[in-house]
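Participant: Residue numbers (the working numbering): 1 to 267. Using N, Cα and C, we set each Cβ at its ideal position, and we do this for glycine too. Quick one: the structure is below, questions incoming.
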């Protein structure tokens, strides 16, 4: 099988990703509706019967799921890992408990092979140019019998916003690109052929496109491609965006194409 090329040249550098999410550390939790929904679904996929002494939250951000992971596995040491020093510093300040925190690149974890019982990673790998090195690193650190649960976004996410922007600013990208579903499946199967991958469409309501844009910025999830405009968007362009964005019953809706990956390392 020929693997679909997963390299996305428009993806931001790791420095930009860490900077944007770090800048959003104070506003992240209040805006994280999608992250809470998908993280709770991931958490439900981790069986309480799993014998766990070490659990990793990879791409932990503000650490919002670290306490829940600790509650699920009270005998385990839970470590939150993130690329952004600002996010890890925020998590350390906000989350009271006997947790560990680590600033690290998900492609090069400073952890021994076979040393982790469960890896939880919610909405992180979509910011990687290629998810395969991250998935391979997760499998490397898993112990036999350990579990990986991971979520990401695929093509079609924010399609309403992308279509409206194309009417207002043709030929200019304003929305992050995500892997197509077939490409993600091939990438996952190349690293973990026994993994299960599920898809879900999550639709969230907003009062206006401006509220959607504000939420994305509050999350640090604004457009990160190299083609992004370097100046503040003109008010007239934003007004035209509001006119082009479809409404239903007075609201605007944004679609998120979610993917969930579950893998258990053979004993």
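In three-state DSSP terms, what is residue 186?
Facilitator: The answer is helix: DSSP assigns residue 186 an H, G or I state.
Participant: Looking at the structure shown, is residue 258 part of a helix, part of a strand, or coil, going by DSSP?
Facilitator: The answer is strand: DSSP assigns residue 258 an E or B state.
Participant: What ranges does the beta strand (DSSP E) occupy inside the segment 134 to 183, keeping only unbroken runs of at least 3 residues that lie completely in it?
Facilitator: Listed in chain order, they are 142 to 153.
Participant: So residue 121 is in the alpha helix (DSSP H); what residue range does that whole segment cover?
Facilitator: From DSSP, residue 121 is part of no alpha helix (DSSP H) but of the beta strand (DSSP E) over 116 to 121.
Participant: Could you give the distance in angstroms between the alpha-carbon of residue 23 and the alpha-carbon of residue 93?
Facilitator: Using only the alpha carbons, I get a separation of about 16 angstroms.
Participant: Considering only residues of the same chain and omitting the five flanking positions on each side of residue 263, which have a CB-CB separation below 6 angstroms?
Facilitator: Excluding residues within five positions, the ones whose Cβ falls inside 6 angstroms are 148, 192, 195.
Participant: Would you say residue 178 and residue 199 are within 9 angstroms of each other, going by their C-beta atoms?
Facilitator: No, Cβ-Cβ distance for residue 178 and residue 199 is not below 9 angstroms.
Participant: Alpha helix (DSSP H) containing residue 40: first to last residue?
Facilitator: Residues 33 to 44.
Participant: Evaluate contact between the segment 169 to 178 and the segment 113 to 122, counting only Cβ atoms and requiring at least three cross-stretch pairs below 8 angstroms.
Facilitator: Cβ pair count under 8 angstroms is below three, so no.
Participant: Please classify residue 80: is it buried, with 16 or more other beta-carbons within 10 angstroms of its beta-carbon, or exposed?
Facilitator: That one is buried.
Participant: When DSSP labels each residue in this structure, what does residue 263 get in the three-state scheme?
Facilitator: Note: residue 263 maps to strand in three-state DSSP.
Participant: To which residues of the same chain is residue 140 closer than 6 angstroms at the C-beta, ignoring the five residues directly before and after it?
Facilitator: 113, listed in sequence order.
Participant: Within its chain, find whatever has a CB closer than 6 angstroms to the CB of residue 245; leave out the 5 residues flanking it on each side and keep chain order.
Facilitator: 164, 209, 252, listed in sequence order.
Participant: Return the residue from the list 144, 122, 50 that minimises the CA-CA distance to residue 266.
Facilitator: That would be 144, whose Cα lies nearest to the Cα of residue 266.
Participant: In terms of alpha-carbon separation, which member of 73, 248, 59 lies closest to residue 105?
Facilitator: Nearest option by C-alpha distance: 59.
Participant: Here's the rule I'm using: 16 or more other beta-carbon atoms within 10 Å means buried, otherwise exposed. How should residue 203 be labelled?
Facilitator: So residue 203 counts as exposed.
Participant: From residue 91 to residue 221, what does the alpha carbon distance come to, in whole angstroms?
Facilitator: The alpha-carbon atoms of residue 91 and residue 221 are separated by roughly 18 angstroms.
Participant: Buried or exposed: which applies to residue 269, given that a residue is buried once 16 or more other Cβ atoms fall within 10 Å of its Cβ?
Facilitator: Absent from the structure is residue 269, since the part of the chain shown begins at 1 and ends at 267.
Participant: Who are the near neighbours of residue 248 in its chain, counting only those whose CB is closer than 7 angstroms to its CB and skipping five residues on each side?
Facilitator: Around residue 248: no qualifying Cβ.
Participant: May I ask you to report which of helix, strand or coil DSSP gives residue 7?
Facilitator: Because residue 7 carries a pLDDT of 45, less than 50, the predicted location of this residue cannot be relied on, and the following value inherits that uncertainty. Residue state, collapsed to three classes: coil.
Participant: In this structure, does DSSP put residue 250 in helix, strand or coil?
Facilitator: If DSSP states are grouped into helix, strand and coil, residue 250 belongs with coil.
Participant: Kindly list the residues whose CB is nearer than 6 angstroms to the CB of residue 238, restricted to its own chain and excluding five residues on each side of it in sequence; keep chain order.
Facilitator: Result list for residue 238: empty, nothing under 6 angstroms.
Participant: Please state whether the Cβ-Cβ distance between residue 64 and residue 39 is less than 9 angstroms.
Facilitator: Yes, they are a contact pair.
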